[in-house]
Amino acid sequence: MQRRTHRLLAAGALTAVAALGLTACGSGFSSGDGAGSGSSAAALTSSDDPLSILIGSSGSHETKAVSSAVADWSKSSGTKATVTAASDLTQQLSQGFASGKPADVFYVSTDQLAGYAKNGSLLAYGDQLKNKSDFFPTLVKSFTVDGTFYCAPKDFSTLGLIINEKMWKEAGFTDSDVPTTWDQLKTVAAKLTTSDHVGLALSPQYARVGAFMAEAGGSFTNADGTKATVDSNANLQGLEYVQGLLKSGDAKFSSDLGTGWGGESFGKGQAAMTVEGNWITGALSADYPDISYKVAEMPAGPSGQGTLQFTNCWGIAKDSPNQKAALDLVEKLTSTDQQLTFAKDFGVMPSVKSAADTWKTDNPDLAPFLDSASFAEGVPNQAGSADVVAAFDSKMSGLKTADAKALLATTQKQFAAVLSQ
Numbered sequence: 004m005q006r007r008t009h010r011l012l013a014a015g016a017l018t019a020v021a022a023l024g025l026t027a028c029g030s031g032f033s034s035g036d037g038a039g040s041g042s043s044a045a046a047l048t049s050s051d052d053p054l055s056i057l058i059g060s061s062g063s064h065e066t067k068a069v070s071s072a073v074a075d076w077s078k079s080s081g082t083k084a085t086v087t088a089a090s091d092l093t094q095q096l097s098q099g100f101a102s103g104k105p106a107d108v109f110y111v112s113t114d115q116l117a118g119y120a121k122n123g124s125l126l127a128y129g130d131q132l133k134n135k136s137d138f139f140p141t142l143v144k145s146f147t148v149d150g151t152f153y154c155a156p157k158d159f160s161t162l163g164l165i166i167n168e169k170m171w172k173e174a175g176f177t178d179s180d181v182p183t184t185w186d187q188l189k190t191v192a193a194k195l196t197t198s199d200h201v202g203l204a205l206s207p208q209y210a211r212v213g214a215f216m217a218e219a220g221g222s223f224t225n226a227d228g229t230k231a232t233v234d235s236n237a238n239l240q241g242l243e244y245v246q247g248l249l250k251s252g253d254a255k256f257s258s259d260l261g262t263g264w265g266g267e268s269f270g271k272g273q274a275a276m277t278v279e280g281n282w283i284t285g286a287l288s289a290d291y292p293d294i295s296y297k298v299a300e301m302p303a304g305p306s307g308q309g310t311l312q313f314t315n316c317w318g319i320a321k322d323s324p325n326q327k328a329a330l331d332l333v334e335k336l337t338s339t340d341q342q343l344t345f346a347k348d349f350g351v352m353p354s355v356k357s358a359a360d361t362w363k364t365d366n367p368d369l370a371p372f373l374d375s376a377s378f379a380e381g382v383p384n385q386a387g388s389a390d391v392v393a394a395f396d397s398k399m400s401g402l403k404t405a406d407a408k409a410l411l412a413t414t415q416k417q418f419a420a421v422l423s424q
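The end of the sequence shown is residue 424 by this note's numbering, with every number in the run present.
Quick look at the structure:
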């Protein structure tokens, strides 16, 4: 099993949720007339100017890998290019847009996309990508605003069920007992709960609990993202399922276990299972190397299988004087071979279907994460949605005794207000 050598709780693919409250809307960006101002219908700009690439790196391995790939492209294309790992990506992007001299190419998280698009900061180049049809459809949807595909998905993560193999065997379970339904998950969580550890631990946030809402058929919006559907019966069913596990004592939030996230609870032996993404492999390898574990797809709920996905894209600045070279670079960075190299270098999952089989062959124990791509649901990407999700998260730690229906009703009003703007 491939292991990442650095902790990834809130970096890389998780940036879409970790940056809640920092969504790019309002002042600080170049003015424009909405999504249309970023349209790629016009000819791309071209010049001899070098390219600047700004990334929100998860660590030295990612920075080195991206820098190496850009250097190779620069050598073959003849265009100079420089990679900078941002100390605060959101702030540095904002400063660049405000000055009229943004980086040419940069990471964009889903919660930032709509704000940048609305303010005319992004070039909508998605339809010009030669490999457009190779990206997983759910990822394309995450970077589509008002029907316009803006940018190439860089890589992605999904949530899976992580199981401590030692605790699993001690409970008398075998591989055939890995839960595939909610009822089965409830049963194994109860049997795995002892005086020493809880059956299931997860972080108190939409980015984990939301997977159960998806499994019940729920989401924050309708299919085209134009109407808030937070207070649906499906979302209520998902929340109440998690609430039931919390009330029985067979599941606990990481905050109730005194840890910062589910992966830490799992690594410390406080839980036999957790719900996390493939970034957990690096954290466990670095901090808890003696833990033996296996990965399974999330159990199906009343509506079937469901999970959440997290991703960034390669944004290209509308104000870049060399958009043509920037597009060529992005196509290089999202090519099959390059994505497989990135996967080996810093553990991400490729965003293109053509790399899937090779990645699963190279990472057989992690295959459930990539197999979940077909039923994964992206986090909300509407302008202002991050603030609503942050408010939702602020109440999650009290879900055990909360009025779940009232919580959803409050969030419904907040999200509806955002969509009406």
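Ideal Cβ placement from N, Cα and C applies to all residues, glycine included.
Tell me the residue span of the alpha helix (DSSP H) that contains residue i.
i      : result
Trp317 : Trp317 -> not in any alpha helix (DSSP H); beta strand (DSSP E) instead, spanning 310 to 319.
Thr284 : 283 to 290
Ala329 : 326 to 336
For residue i, count neighbouring Cβ atoms within 10 angstroms of its own Cβ and tell me buried if that reaches 16, exposed if not.
i      : result
Glu267 : buried
Asn236 : exposed
Pro292 : exposed
Asp340 : exposed
Pro207 : buried
Lys144 : buried
Asn225 : exposed
Gln94  : exposed
Gln424 : exposed
Gly252 : exposed
Lys78  : exposed
Pro140 : exposed
Thr364 : exposed
Thr277 : buried
How is residue i classed by DSSP in three states: helix, strand or coil?
i      : result
Gly263 : coil
Cys28  : Only weak support is given to the placement of Cys28: the predicted model assigns it a pLDDT of 31, under 50, and the value that follows is read from those uncertain coordinates. Here Cys28 sits in coil by DSSP.
Gly213 : helix
Ser55  : strand
Lys255 : strand
Thr66  : helix
Leu47  : coil
Phe223 : coil
Thr93  : helix
Thr229 : coil
Gly150 : coil
Thr404 : helix
Val351 : coil
Gly272 : coil
Val191 : helix
Thr344 : helix
Thr197 : coil
Gly202 : strand
Gly99  : helix
Gly81  : coil
Gly15  : Because Gly15 carries a pLDDT of 37, less than 50, the predicted location of this residue cannot be relied on, and the following value inherits that uncertainty. Reduced to three states, the DSSP call for Gly15 is helix.
Keeping to the same chain, check which residues put their C-beta closer than 8 Å to that of residue i; ignore five residues upstream and five downstream.
i      : result
Asp234 : Lys408, Leu411, Ala412, Thr414, Gln415
Ala274 : Asn167, His200, Val201, Gly202, Leu203, Ala204, Lys255, Leu260, Gly265, Ser268
Lys327 : Leu47, Thr48, Ser49
Lys450 : Outside the displayed range of the chain (4 to 424) lies residue 450, so it cannot be described from this structure.
Gly129 : Ser43, Lys135, Val143, Phe146, Thr147, Thr151, Phe152, Tyr153, Cys154, Ala155
Which residues in the same chain have their Cβ closer than 6 Å to the Cβ of residue i, if we skip the five residues on either side of it in sequence?
i      : result
Gly37  : At Gly37, the pLDDT of 38 sits below 50, so the modelled position is not reliable; the number obtained from the coordinates is stated separately. If we look at Gly37 and ignore the five residues flanking it on each side, its Cβ neighbours are Lys121.
Leu92  : Gly59
Ser375 : Thr161, Glu300, Thr310
Met216 : Asn238, Gly241
Ser306 : Ala219, Gly220
Thr87  : Leu57
Thr262 : Ser268
I'd like the span of the beta strand (DSSP E) that includes residue i, first residue to last.
i      : result
Tyr296 : 296 to 299
Thr85  : 84 to 88
Thr413 : Careful: Thr413 lies outside any beta strand (DSSP E), inside the alpha helix (DSSP H) at 407 to 423.
Spatial neighbours of residue i within its chain, please: CB distance less than 7 Å, with the 5 preceding and 5 following residues excluded, ordered by chain position.
i      : result
Lys250 : Lys403
Ala174 : Lys194, Leu195
Pro371 : Gly163, Val298, Ala299, Glu300
Leu248 : Lys189, Ala192, Leu203, Ala254
Ala419 : Ala231
Ala117 : Val148, Asn384, Gln385, Ala386
Thr197 : none
**Request:** Within the region 101 to 144, note down every full beta strand (DSSP E) run reaching 3 residues or more, in order along the chain.
**Result:** Entirely contained in the region 101 to 144, the beta strand (DSSP E) runs reaching 3 residues are, in chain order, 108 to 112.
**Asked** Hey, which unbroken runs of the alpha helix (DSSP H) at 4 residues or more fall wholly within the region 358 to 393?
**Response** The region 358 to 393 contains these whole alpha helix (DSSP H) runs: 359 to 365, 370 to 374.
**Asked** Which runs of the alpha helix (DSSP H), 4 residues or longer, sit entirely within the region 155 to 186?
**Response** Listed in chain order, they are 168 to 173.
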